[in-house]
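With the first letter of the sequence shown counted as 1, position 149 gets the number 149 in UniProt numbering; the numbers rise by one all the way through.
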Amino acid sequence: MLQALDLGPGVRAALSTRLGGVSAAGYASLNLGDHVGDRPEAVAENRARVAAALGRPVQYLKQVHGVQVAAVAYAGPAPEADAAWTAQPGVALSVLVADCLPVLLVARRPDGQAVAVAAAHAGWRGLAGGVLEQSAAALRAQAADAHLHAWLGPCIGPDAFEVGEDVLRGFGREPGAAGPGFRYQPRADGSPRWRADLHALARQRLALLGVEVLGAEPSCTVSAPSRFFSFRRDGAGSGRFGAFIGLS
């Protein structure tokens with residue numbers, strides 16, 4: 001049901017796929033999204049299974065493709081935010097995705113002790129708007145001398161993510177000089193289009209923040225229908241999978 005992730009001592013992290021739940025049809029089977037049209041009782045059972053596998057309650061978010069970062073001390077009603085951080089053990093943070101990039105972050109003191117963790121929902125709007133910058137700032141506020149580490153989850157890959165000039169300009173790029181993270185690939189009719197690489201764009205920003213990337217899941221959600229939900233592939237009937245992190 002859950003794939004354990006190694007983000008070092010003192011941290012428990014995991015990734016769900018679409019396997020191991022009770023949802024049916026296009027939501028089969030471990031859909032965790034409660035806003036996509038799936039049966040509420042199925043989503044509740046799926047979320048209960050995830051919490052049991054993690055051994056702790058899960059804090060979900062009401063994600064809006066923004067940059068707000070919520071402080072979490074215990075699992076409660078979902079705040080409107082696209083990232084969350086906690087310095088409290090016993091709760092798992094989560095972000096739900098179906099093509100956007102989930103990013104998990106850990107703050108460690110120089111002696112290696114994990115002191116805080118964060119989870120960020122980084123679609124292109126969130127990345128361009130600064131959700132990773134806001135998440136890193138929230139963690140560093142807990143320990144000014146902390147080293148930050150990150151893990152990048154599966155998302156829509158550059159071969160599938162066609163974008164227009166609005167996305168380029170969202171990242172401060174111009175069509176004639178798109179730069180790293182974008183590949184020019186016009187349509188057959190000559191319409192200007194680019195292929196965007198969310199992993200590359202996230203790595204650029206994390207490097208500028210001094211955050212070390214410990215690992216990544218390279219799978220493209222669009223091209224892995226047996227493992228991951230994808231809004232780009234399946235439309236509005238797509239479910240959501242999640243990335244989770246907490247202090248041990």
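Even glycine gets a Cβ: it sits at the ideal position worked out from N, Cα and C.
Applying the 10 Å Cβ sphere with the 16-neighbour rule, what's the burial state of residue i?
{"i": "Q113", "result": "exposed"}
{"i": "R47", "result": "buried"}
{"i": "P9", "result": "exposed"}
{"i": "P77", "result": "exposed"}
{"i": "L208", "result": "exposed"}
{"i": "A178", "result": "buried"}
{"i": "Q63", "result": "buried"}
{"i": "R240", "result": "buried"}
{"i": "G164", "result": "exposed"}
{"i": "D111", "result": "exposed"}
{"i": "G33", "result": "buried"}
{"i": "Q88", "result": "exposed"}
{"i": "A44", "result": "exposed"}
Measure the C-alpha to C-alpha separation of residue i and residue j and round it to an integer number of angstroms.
{"i": "G153", "j": "P102", "result": "5 Å"}
{"i": "A216", "j": "A24", "result": "29 Å"}
{"i": "L2", "j": "G242", "result": "9 Å"}
{"i": "Y74", "j": "W194", "result": "42 Å"}
{"i": "L201", "j": "P158", "result": "11 Å"}
{"i": "L5", "j": "S219", "result": "15 Å"}
{"i": "G55", "j": "Q204", "result": "34 Å"}
{"i": "G90", "j": "S230", "result": "30 Å"}
{"i": "H147", "j": "D189", "result": "48 Å"}
{"i": "D237", "j": "W151", "result": "It should be pointed out that residue 237 corresponds to Gly in this sequence rather than to Asp. If you take the alpha carbons of G237 and W151, they lie about 28 Å apart."}
{"i": "Q161", "j": "V131", "result": "Here the sequence assigns Phe to residue 161, which means Gln is not the residue at that position. C-alpha separation (whole angstroms): 20 Å."}
{"i": "P225", "j": "C100", "result": "15 Å"}
{"i": "L96", "j": "D82", "result": "10 Å"}
{"i": "P57", "j": "A92", "result": "6 Å"}
{"i": "R12", "j": "A137", "result": "21 Å"}
Identify, in the order they occur along the chain, each residue of the same chain with its Cβ nearer than 8 Å to the Cβ of residue i, setting aside the five sequence neighbours on each side.
{"i": "A143", "result": "A107, R109, V115, A116"}
Relative to the alpha-carbon of residue i, which residue among the options has its alpha-carbon at the smallest distance?
{"i": "P180", "options": "P192, L198, D166", "result": "L198"}
{"i": "G66", "options": "G126, V36, E41, A53", "result": "G126"}
{"i": "W85", "options": "R173, D189, A141", "result": "A141"}
{"i": "V72", "options": "A52, A118, A44", "result": "A118"}
{"i": "E80", "options": "G210, L61, A92, V95", "result": "L61"}
{"i": "T221", "options": "P57, R233, G129", "result": "R233"}
{"i": "N31", "options": "V211, S135, V50", "result": "V50"}
According to DSSP, residue i sits in a beta bridge with which residue or residues?
{"i": "T86", "result": "V117"}
{"i": "V97", "result": "F241"}
{"i": "R173", "result": "According to DSSP, R173 bridges with nothing at all."}
{"i": "H149", "result": "V106, E212"}
Identify, in the order they occur along the chain, each residue of the same chain with its Cβ nearer than 6 Å to the Cβ of residue i, setting aside the five sequence neighbours on each side.
{"i": "W124", "result": "V167"}
{"i": "R187", "result": "R193"}
Report all residues from its chain with a CB closer than 7 Å to the CB of residue i; omit the five preceding and five following residues, and keep chain order.
{"i": "S29", "result": "R18, L19, G20, G21, V22, S23"}
{"i": "A53", "result": "M1, L2"}
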